[in-house]
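Following the numbering used here, the residues of the sequence shown are numbered contiguously, the last one being 301.
The beta-carbon is built from N, C-alpha and C at its ideal position, and this holds for glycine as well.
To keep things clear, I will list the structure first and then write my remarks on it.
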Amino acid sequence: MLIERQRFSRKFASATRVALALTGALMLAGCDTVADSIENFNPFSDKKPYKPEVLNDVPPDQLYNDGLGRMANSDYPAAAKKFAQIDKQYPYTDIARKGLLMTAYTQYQGKQYDEAVTSAKRYIEQNPKSDDAAYAQYLMAMSYYNQITDVARDQDRTEKAAQALQQLITNYPNSEYASDARYKLQVAMDNLAGAQMYVGRFYLEKHQYTAAINRFRQVIAHYQTTRHVEEALERLTEAYFALGVTSEAQTAAAVLGHNFPDSPWYKDAYKLLQTNGLEPREDKGSWLSRAMEGFKSIAAF
C-alpha cells in the first residue's frame with residue numbers, strides 16, 4: 001500500500017510539473033502576443049512604421065461656404081456635415097454657433113428629424129440667451145410635428161411636438177414663431193384627443209364601458225380646446241346609460257346641450273335618454289359638471 005502511495009505521489013508531482021511548464025509557456029506566449037499588440041500601437045517602435053492620420057484644419061469660413069453651397073444644391077445631409085465640422089474644429093466660437101444652428105436647419109430640411117432635434121437642443125443649451133434660440137426651439141418642435149401620425153398609431157411624437165410647441169410659446173411668447181406655434185399646438189392637441197376617442201370608441205363597441213369612459217374622460221379633462229369634446233360628451237352619455245348610471249348619463253347630455261345646443265351629438269344623446277323616459281339633467285356634484293366649469297368652445301380659441 002505504501003509503495004502504491006509513493007508511485008501515486010511521484011505521478012502527481014510529475015503531472016504537476018508538466019502542467020506548470022505548459023502554463024508558463026502559454027503565459028509567455030500570451031505576453032509576447034500582448035507585447036506585440038502594444039508595439040503595433042507604439043509610434044516609436046521599429047517593428048511597424050507608425051502612420052498617424054493628419055487632419056488638415058479647413059478654415060471655418062470655407063467650411064461654412066461649402067455648407068451653403070451644398071444647401072443651395074439641396075444636398076442637405078452633406079451640408080449638415082460641413083456645418084457640423086465647424087463646431088468640431090472650432091468649438092465655442094461665433095462661427096461655430098452659427099454652424100450649429102445651420103446644422104439643425106439642414107438636418108431638418110433633409111428630414112433627419114432626430115438629428116435636428118439633437119442639434120437644436122444643443123444650440124439652446126449652449127446659447128439660451130441667443131436671439132436665435134427661439135428659432136432653434138421652433139426647429140425642434142417642427143421636427144417632432146412633421147412626424148405626427150394618424151390617431152390609430154402611437155402618439156409619442158405628437159406628445160413631444162405638443163411639449164416643444166408649448167415650451168416655445170411659454171419661453172418665447174413674443175417671437176415671430178409664437179403665432180404659428182399656437183396654431184400647430186392646437187393641431188397636435190386635436191390629434192391627441194382623436195387618439196383617445198379612437199380607443200374609446202373601440203371599447204364602446206366591445207361593450208367595455210368602463211374602459212371607454214376612462215378614455216372619454218381624458219378628452220374632457222385634458223383636451224377641452226379640441227373639436228372632440230362634443231362627441232366625447234355624447235359617448236359618455238351612451239356608456240353611462242349602458243351601465244345603468246343614469247344620473248351621469250343625464251349630466252353628460254345636459255352639459256352637452258348647454259354648451260352645444262345645436263349639435264347633432266346632443267340630439268342623439270337626447271333621443272337615447274328618451275328611450276328610457278329620461279331627460280338631460282345636470283348634477284352639479286358630478287365630476288363632469290365640475291370639469292366643464294368655465295368651458296369655452298373651440299370657436300373661442
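For the pair Asn191 and Gln218, the CB atoms are not nearer than the 8 Å cut-off.
Straight-line spacing of the CA atoms in Glu230 and Pro280 works out to 15 Å. DSSP, read as helix, strand or coil, puts Glu282 in coil. In this structure, DSSP gives Glu176 a state outside helix and strand, which the three-state scheme calls coil. With 16 or more other CB atoms across the displayed protein chains lying within 10 angstroms of its CB, Asp87 is buried.
Its Cα nearest to that of Ala161, the residue Tyr138 stands out among Thr170, Tyr138, Ala152 and Gln224. Per DSSP, His207 lies in no alpha helix (DSSP H) segment and is marked neither H nor E.
Here the alpha carbon of Thr237 sits roughly 13 Å from the alpha carbon of Gly200. CA-CA distance, Thr149 to Arg157, rounds to 8 Å. A contact is defined here as three or more CB-CB pairs under 8 Å, and the stretch 282-290 meets this definition with respect to the stretch 246-265. A residue is called buried when at least 16 other Cβ atoms come within 10 angstroms of its Cβ; Thr170 does not meet this threshold and is exposed. Secondary structure of Arg153 (DSSP, three-state): coil.
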